[in-house]
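What follows is a single structure, written as structure tokens, with notes after it.
In the working numbering, the protein residues as written are 250 to 419.
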């Protein structure tokens with residue numbers, strides 16, 4: 250998740266410039282595999298960064314209603330996403346936990362790896378994250394929707410259904 254939007258947008262701009270440069274070189278050297286590989290590599294990075302910005306902006310706007318963990322190992326991402334979705338700064342979360350902002354910054358920068366289980370539970374409670382039972386895959390027969398792409402599709406479908414319901418009620 251994005252910890253610093255300005256840095257990420259600057260990187261996107263720099264990658265765009267490099268991509269344009271490589272594309273112009275490809276015109277002169279259309280058979281260059283090195284240039285083609287460079288373009289593919291930069292494009293992959295750009296796609297990843299743009300996806301992070303989009304996810305961040307959707308969280309900030311409130312258009313993501315829920316988030317599905319790919320794994321319990323991704324709890325750090327949920328904590329950061331929940332804070333952003335609530336519109337809370339790191340300082341506000343720190344105040345709720347009687348911690349200073351720098352401690353929250355450290356937790357988020359190291360993906361909560363330095364936080365104890367008790368602290369993670371306190372963060373979950375402070376952020377009012379829904380603590381409904383979590384389904385854990387115990388065998389191959391269990392089906393769990395966990396793809397971020399699928400989550401986006403579910404959110405989009407939910408939005409369209411809500412729009413249709415409001416049209417029907419008119």
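C-beta atoms are modelled at their ideal positions from N, C-alpha and C, and glycine is treated no differently.
The Cβ atoms of residue 353 and residue 339 sit closer than 8 Å to each other. 8 Å or more divides the Cβ of residue 327 from the Cβ of residue 369.
Contact between the stretch 266-280 and the stretch 301-309 is absent, with fewer than three C-beta pairs closer than 8 Å. In this structure, DSSP gives residue 283 a helical state, which the three-state scheme calls helix. Shown here for residue 349: same chain residues with a beta carbon closer than 6 Å to its own, the five before and five after excluded, namely 343 in chain order.
A buried status is given to residue 332, since no fewer than 16 other beta-carbon atoms sit within 10 Å of its beta-carbon. Excluding the 5 residues flanking it on each side, residue 261 has same chain C-beta neighbours closer than 8 Å at 295, 298, 299, 302, in chain order. Residues 346 of the same chain have their beta carbon placed closer than 7 Å to that of residue 371, with the five preceding and five following residues left out of the count. By a beta-carbon distance limit of 8 Å, residue 284 contacts residue 274. Their separation comes to about 5 Å. By the CB criterion at 8 Å, residue 329 and residue 357 fall inside the cutoff.
Nearest to residue 366 by alpha-carbon distance, out of 322, 258, 334, 256, is 322.
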